[in-house]
Amino acid sequence: MGSSGINAEYMGSSGINAEYMGQKRVELEMQESLQREAEVLEIREIVARDVKQWVQDSGVFLGAAGDIRVLLSTLKDIFPESGGASHKIHIDLHEQDFATVKKCYNEARRLLHSDWGLGEPGEDLEQARIVEHRLREAGVQ
C-alpha cells in the first residue's frame with residue numbers, strides 16, 4: 270500500500286509538470302506566432318512602399334494609375350525572386366494592342382498568384398501578393 274501511495278504522489282506531480290510544460294509550450298508557440306506576424310507586417314510595409322513607388326514611376330495607362338505596359342516590362346526589377354519566370358514576360362512599352370497587353374498581364378498574374386507555391390510566408394510571398402494586387406489595380410480587365 271505504501272508503494273502505491275508513493276506512485277500516486279509521483280504521478281500526481283508528474284501530471285502537474287506535464288501540464289505546466291504544456292502551458293509553457295503553448296505560450297512559446299504563441300510568442301513565436303506573434304513574432305512571425307510582426308515580421309510579416311514589417312516586410313509587408315517595406316514591400317508595399319517599394320511597390321507603390323514602382324507603380325507611381327510607371328505612369329498612366331488608359332486613365333488608370335500605373336502604366337501596365339511599364340509595370341509588366343519592369344516586373345523582373347521589382348520581383349526578381351520569381352526564379353527568372355518574370356524575365357519571360359516581354360511587352361513593348363508602346364504596345365497599343367489590347368489583346369497583347371492583356372495576354373502579358375494574365376501571364377504575370379499567374380506567375381504572382383499565391384497558389385503557385387512561392388513557399389513559406391516571407392518577403393517573396395508578401396511581395397508577390399502586393400505586386401499582384403497592384404497589377405490588378407492597373408490591369409486590363
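FYI, in the numbering used here the residues of the sequence shown are 270 to 410.
Virtual Cβ for every residue (Gly too), placed ideally from N, Cα, C.
A quick note: this is a predicted structure, and the numbers were derived from the prediction, not measured.
- In terms of Cβ geometry, V324 and R398 do not form a close pair [threshold 7 Å].
- Assignment of F348 by DSSP, reduced to helix, strand and coil, places it in the coil class.
- Secondary-structure assignment with DSSP links F330 through a beta bridge to A333.
- Judged by beta-carbon spacing, V295 lies beyond the 7 Å limit of V400, meaning their Cβ atoms are not closer than that value.
- The criterion of a C-beta distance shorter than 7 Å is not satisfied by I360 and A377.
- Between C373 and L341, the gap from beta carbon to beta carbon is short of 7 Å.
- Remark: C-beta atoms of V316 and E406 do not approach each other more closely than 7 Å.
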